[in-house]
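Read the structure below first, then the notes.
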């Protein structure tokens, strides 16, 4: 994501709010946090010190900035800091999102004890080759499921733009609910490959049958993953799928050839129709054929460079 808009509330200065938000997000490696920090760097803002900061998994960050306790993150998490009745505050925030035409955008809220201070709206910049990756994997017979902790409107918009079927979209998910979703798919007999790069993806990456992390992702996600795409290119993940499928075809071919050879040759040798010398030559030829077939797995068609 890239920061697209700042909507200051209660007459606050946008740059001050951005500096406070980026300061809170210094502890986080979430994509929204990285986008806020990049925006603050581009604006050349100096960040205020933060005390007693705490990260809430899949929700946001809370800390003391300039003597005031602040929260930044999902709307319901940020508004949890409000000391008065939170429901009217949440309703007003929803109306403001409607007014600003931000219902379908990914929005992070900065709030204090009195209510929201700012809305930070993000636009997605897709990884190079994202739509092609989805198309290629789906054409290979793999069902794509998009699982996100974001609100449903932006998640469904991303799914439409990338060509993911709406029935495969799960929004407002926590790390634990993501893990439970994968466990449910596995209980139905599915084999699940999980691709993720966030700190919140670590539990579901550990649950999946095969897990793939991206190079610039969170260290915990990488530690739990079976594979790491060192370039961060989705084309390399598509290559992994292609390599795995070709390798399994080669393995099955070798097993089939070895089984057929032994079924035919062993009885002939046992009945005396083959001399030991011919049987030995045949075994060597069989081994050479298996080795030559196995070498085919070394050549995988590389996806085009993104």
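Residue numbers (my numbering): 89 to 394.
Ideal placement from N, C-alpha and C gives every residue a C-beta, glycine not left out.
Just so you know, these numbers come straight off a predicted model, no measurement behind them.
Is DSSP giving residue 143 helix, strand or coil here?
Residue 143: strand per DSSP, three-state reduction.
Assuming residue 301 contacts residue 318 (C-beta within less than 8 Å), just tell me the rounded distance between them.
Not really, about 10 Å apart at Cβ, beyond 8 Å.
Could you give the DSSP three-state label for residue 135: helix, strand or coil?
Three-state DSSP puts residue 135 in coil, outside helix and strand.
What number of angstroms, rounded off, separates the C-alpha of residue 181 from the C-alpha of residue 162?
Computed Cα separation, rounded: 12 Å.
Would the segment 365-380 and the segment 348-357 be scored as touching if the rule is three or more Cβ pairs under 8 Å?
Result yes; three or more Cβ-Cβ pairs closer than 8 Å.
Give the range of the alpha helix (DSSP H) segment to which residue 293 is assigned.
Looking at the DSSP string, the run of the alpha helix (DSSP H) that includes residue 293 is 290-295.
Please list the terminal residues of the continuous beta strand (DSSP E) segment that includes residue 298.
Start and end: 298-302.
Can you name, in chain order, every residue of its own chain whose Cβ lies under 8 Å from the Cβ of residue 314, other than the five neighbours on each side?
Taken in chain order, the residues that qualify are 298, 299, 300.
Near residue 235, what residues of its chain come up, given a Cβ to Cβ distance below 7 Å and the 5 sequence neighbours on each side ignored?
Closer than 7 Å at the Cβ level, and outside the excluded window around residue 235, lie 258, 261, 266, 269.
Report yes if the C-beta distance between residue 380 and residue 334 is below 8 Å; otherwise report no.
No, these two residues do not count as a Cβ contact at 8 Å.
For the beta strand (DSSP E) that residue 171 lies in, which residues bound it at each end?
Per DSSP, residue 171 belongs to no beta strand (DSSP E) and is neither H nor E.
From what residue to what residue does the alpha helix (DSSP H) around residue 333 run?
Counting along the chain, the alpha helix (DSSP H) containing residue 333 begins and ends at 322-358.
Rounded to a whole number of angstroms, what is the C-alpha to C-alpha distance between residue 355 and residue 344?
Their backbone Cα atoms lie some 17 Å apart in a straight line.
Which of helix, strand or coil does DSSP assign to residue 254?
The answer is helix: DSSP assigns residue 254 an H, G or I state.
Using a Cβ-Cβ cut-off of 6 Å (strictly less than) and excluding sequence neighbours within five positions of residue 339, which residues of its own chain qualify?
Counting only Cβ-Cβ distances below 6 Å, and skipping sequence neighbours, we find nothing.
Buried or exposed: where does residue 194 fall if 16 or more other Cβ atoms within 10 Å of its Cβ makes it buried?
Buried: at least 16 other Cβ atoms inside 10 Å.
Can you give the beta carbon distance from residue 153 to residue 138, rounded, assuming they're within the 8 Å contact cut?
Between residue 138 and residue 153 the Cβ distance is about 6 Å, and since that is below 8 Å, they are a contact.
What number of angstroms, rounded off, separates the C-alpha of residue 394 from the C-alpha of residue 218?
For residue 394, the pLDDT reaches just 40, beneath the cut-off of 50, and the residue's location in the model is therefore unreliable, leaving the point undetermined.
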